[in-house]
Amino acid sequence: MGKSLFEKVWDAHVVHTIENGPQILYIDKHLIHEVTSPQAFSEIEKRNLPLFRANQIVATADHNVPTQNQHLPIKEALSKKQVETLTDNCKKYGVTLYGLGHPYQGIVHVIGPELGITQPGMTIVCGDSHTSTHGAFGSIAFGIGTSQVAQVFASQCLLLDKPKKMRISVSGKLKNGVLPKDVILYIIAKLGTNAGTGFFVEFAGEVFEKMSMEGRMTVCNMSIEMGARGGIIAPDKTTFDYVKGKEFAPKGEELKAKIAYWKTLKSDADAVFDKEYQFDGADIAPMITYGTNPGMGIKITEKIPNLQDESFDKALVYMGLKKDTSLLGLPVNYVFIGSCTNSRIEDFRVAASFIKGRKKAANVNALIVPGSQQIAKRIKEEGIQAIFESAGFEIRQAGCSACLGMNEDKIPAGEYCVSTSNRNFEGRQGPGARTFLASPLVAAITAIEGKIVDVQQYLN
Amino acid sequence: MDKFMTLLSKAVPLPNQNVDTDQIIPARFLKATDRLGFGENLFRDWRYNSDLFPNKSFVLNNPDYSGKILVAGENFGCGSSREHAAWALFDYGFRVIVSSFFADIFKGNALNNGLLPITVPEDFLKKLLHTVTSYPDTLVTVNLVEQTLSYANDSITFDINPYSKTCLINGYDDIDFLVSKKEAIIAFEKNRAKEQSH
Ligand code: SF4
Chain A
942 MGKSLFEKVW DAHVVHTIEN GPQILYIDKH LIHEVTSPQA FSEIEKRNLP
992 LFRANQIVAT ADHNVPTQNQ HLPIKEALSK KQVETLTDNC KKYGVTLYGL
1042 GHPYQGIVHV IGPELGITQP GMTIVCGDSH TSTHGAFGSI AFGIGTSQVA
1092 QVFASQCLLL DKPKKMRISV SGKLKNGVLP KDVILYIIAK LGTNAGTGFF
1142 VEFAGEVFEK MSMEGRMTVC NMSIEMGARG GIIAPDKTTF DYVKGKEFAP
1192 KGEELKAKIA YWKTLKSDAD AVFDKEYQFD GADIAPMITY GTNPGMGIKI
1242 TEKIPNLQDE SFDKALVYMG LKKDTSLLGL PVNYVFIGSC TNSRIEDFRV
1292 AASFIKGRKK AANVNALIVP GSQQIAKRIK EEGIQAIFES AGFEIRQAGC
1342 SACLGMNEDK IPAGEYCVST SNRNFEGRQG PGARTFLASP LVAAITAIEG
1392 KIVDVQQYLN
Chain B
2 MDKFMTLLSK AVPLPNQNVD TDQIIPARFL KATDRLGFGE NLFRDWRYNS
52 DLFPNKSFVL NNPDYSGKIL VAGENFGCGS SREHAAWALF DYGFRVIVSS
102 FFADIFKGNA LNNGLLPITV PEDFLKKLLH TVTSYPDTLV TVNLVEQTLS
152 YANDSITFDI NPYSKTCLIN GYDDIDFLVS KKEAIIAFEK NRAKEQSH
């Protein structure tokens, strides 16, 4: 029996298997940030353990940082202490830190790929559930708890049970105006937020083969929102071209040898999956969520379903919406384009190409938050920043920003926000905030119109 | 990690189902840089009214109930993966949580922190909840070696995977285990480096 892509990468990292128990999995790259690392550092300190492989760890500050005046001290005392603790720990243990003010700083899942730290065939972990993003490169990447962060500090390994395998194939072509974000929102809406529990998901088929690396990252990023441990996509020429030339990517002969290996990283024709799903790309349309979990999504032109369920009702009350109604025409005062799902150069290019020559609606506060300092630099160089600015959008510095209600950027209670992030939970963008998840294109059009509109009709 | 073999204690009943980690420890308390003190904010929004006065009707504020065992409704620990939830329960003084179902990640986090999650059948849980609620002085015995939980005239054996059991009894955790495998890990690294240079 052949092996799946996931199995090939997993098996290559098994150090030891405990009889009737978990396996020891070797971790190639460990990314850390300020929120989930301090207690892990204290843990190894308490036990007098050294950092086993400091050179395989990269740190950044992203969750709890302001996106304005990053050159000034952080105002909020607890946030400041958390960021300073990271800096102190990295210094003490010799960990590379791209902290505030560093040209490489940014959201941990954005900077890994753009610096060439993320490469095919690796195992990558981080104390953050959206580590699944890095699976876009054909690596096994997943989020871990703080005790596990300490385990990797101490041993560069984790004790794990091998997840089951799922494959989701999407064939055919995507329609005009349908972006990778719509593809993953569509899949989660179809399968539900628990469909992936216990599984690692391979995304396969023509739609993903044609997708850019940025798009694949958006898809794998949200695989966790269907309950999966992570997502993975077979590396191909698109992947190799993206990795090539990145700061920490292999070069010259080494790169050649690596590519030869990376080419073997795909599921064998006779590989067997525990579960398979198949979708047709032509059925996917621009999507939007209406409820308080990412599975509560519809095509933007569809009506909110009419379900009889207590938690469904509760979600609609929170959102201030009614069953069996359309979202089209609903006024929206906040638009957020950012987060590790959609804050890469391609996302801003798509939004800018639509916004060019237009102005945002008067009622809208539109926030653009690049995922990294490098992207911030690039949107300036490409003239994208100027387009946003003359349309009345506000551009901020790199960080998680309004994706989670932890730092200074929050959506006010009761307000609607079309957001390119990944979670629409109650209070996720701030206490009482109401989130619609959508693609950067839907977000951009909403900002111009000041309300939700039918994207495809708009484009034609 | 503390060793765990047996425990004799009174129990605190919390019959609510689907207690999520946001309720166990709300997000705004995740800014701390150490593991201590989370017990203070355990069930914060249930324990205190919005005016910051203790909510008298919540079980942790009722002087009749105390102990190191929390008996909880079905699907305990669902939602966000924050390990802070396990820390908060441990820091408050709990060592055992009994429920008829635990969320996966919470269970792992609890075991990694010396907090024993015991899964019991629905009807056993109901009776136990009833007894400890009506008779707060009921003593519950947990014997990890024998894998039994008993109180009054009732007793049950529970499941735990042998690896986790050994860890708890010896006060080992995954870190200790992994560090003990250091030689195998180094050998793995060497082997791989050799393969890659071919
Ligand atoms: S952008 Fe949002 S989802 Fe991504 S790492 Fe930051 S907080 Fe998490």
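Protein chains in written order, with the numbering used here: chain A, 942 to 1401; chain B, 2 to 199. We put the beta carbon where it would ideally sit given N, CA and C, even for glycine.
From the beta-carbon of A:Ala1095, the residues of chain B found nearer than 8 Å are Ile176, Leu179 and Val180. Linking B:Glu147 to B:Thr158 through their CA atoms gives a straight-line distance of about 8 Å. A:Ser1380 and A:Lys1122 do touch by the CB rule: their CB atoms are close to 4 Å apart, below 8 Å.
Residues of chain A with a Cβ closer than 7 Å to the Cβ of B:Glu84 are, in chain order, Gly1086, Thr1087 and Ser1088.
If only uninterrupted alpha helix (DSSP H) runs of at least 4 residues are considered, those enclosed by the segment 22 to 99 of chain B are 22 to 25, 45 to 48 and 85 to 93. Secondary structure at B:Ser165: helix, using DSSP grouped into helix, strand and coil.
Straight-line spacing of the CA atoms in A:Ser978 and A:Leu1027 works out to 7 Å. Within the segment 140 to 169 of chain B, those residues whose Cβ lies closer than 8 Å to any Cβ of chain A are, in chain order, Asn162, Pro163 and Tyr164. For B:Ser135, the number of other beta carbons within 10 angstroms of its own is below 16, and it is reported as exposed. DSSP places B:Tyr152 in the uninterrupted beta strand (DSSP E) bounded by Thr149 to Tyr152.
Counting the other Cβ atoms within 10 Å of the Cβ of A:Thr1205 gives fewer than 16, which makes it exposed. In this structure B:Thr7 is exposed. Its beta-carbon is surrounded by fewer than 16 other beta-carbon atoms within 10 angstroms. Taken in chain order, the complete beta strand (DSSP E) segments of 3 residues or longer contained in the segment 1165 to 1234 of chain A are 1171 to 1173, 1216 to 1221 and 1228 to 1230. Identification of residues in the segment 35 to 62 of chain B having a C-beta nearer than 8 Å to some C-beta of chain A yields Asp35 and Arg36, given in sequence order. For A:Ser1362, the Cβ falls inside the 7 Å cut-off from some heavy atom of ligand 1. By the rule that beta-carbons nearer than 8 Å mark a contact, B:Ile25 does not touch chain A. Two segments are said to touch when three or more pairs of C-beta atoms, one from each, lie closer than 8 Å; by this definition the segment 1070 to 1088 of chain A does not touch the segment 1115 to 1133 of chain A. For A:Ser1294, the enclosing alpha helix (DSSP H) begins and ends at Ile1286 to Ile1296. Note on geometry: alpha-carbon atoms of A:Asp1221 and A:Ala1190 lie some 35 Å from one another. Put simply, the CB of B:Ile98 is far from chain A, with every gap to its CB atoms at 8 Å or more. Sorting A:Leu1056, A:Phe1377 and A:Phe1295 by C-alpha distance to the C-alpha of A:Ala1256 places A:Phe1377 at the top. Inclusion of A:Lys1351 and A:Ala1343 in the CB contact set at 8 Å is warranted, their separation being smaller than that value.
In chain B, no part has a C-beta under 9 Å from the C-beta of A:Leu1041; the shortest such distance is about 16 Å.
A straight line joining the alpha-carbon of A:Asp1224 with that of A:Ser1110 spans about 13 Å. Its chain contains Pro1227, Ile1229, Ile1241, Val1359 and Val1396 as the residues whose beta carbon lies nearer than 7 Å to that of A:Val1383, once the 5 sequence neighbours on both sides are disregarded; these appear in chain order. Taking all protein chains shown into account, A:Met1152 has 16 or more neighbouring C-beta atoms within 10 Å of its C-beta and is therefore buried. Around the C-beta of B:Thr167, fewer than 16 other C-beta atoms lie within 10 Å, and the residue is accordingly described as exposed. One alpha carbon belongs to B:Gly94, the other to B:Lys69, and they sit about 6 Å apart. A heavy atom of ligand 1 is found nearer than 7 Å to the CB of A:Asp1069. Contiguous alpha helix (DSSP H) elements confined to the segment 948 to 1033 of chain A occur at 979 to 987, taking only those with 4 or more residues. Under the Cβ distance rule, A:Met1107 does not count among the residues neighbouring chain B, no pair being separated by less than 8 Å.
Going by beta carbons, A:Val1090 and A:Leu1041 fall outside the 8 Å limit. In the same chain as A:Tyr1183, and ignoring 5 residues on each side of it, the C-beta atoms closer than 6 Å to its own belong to Met1154, in chain order.
Only those residues of the segment 1236 to 1259 of chain A whose C-beta falls short of 8 Å from the nearest C-beta of chain B would be listed, and there are none.
Taken from the Cβ of A:Cys1161, every heavy atom of ligand 1 lies 7 Å or farther away. Excluding residues up to 5 positions away in sequence, Ile157 lie with their Cβ nearer than 6 Å to the Cβ of B:Phe125 in the same chain.
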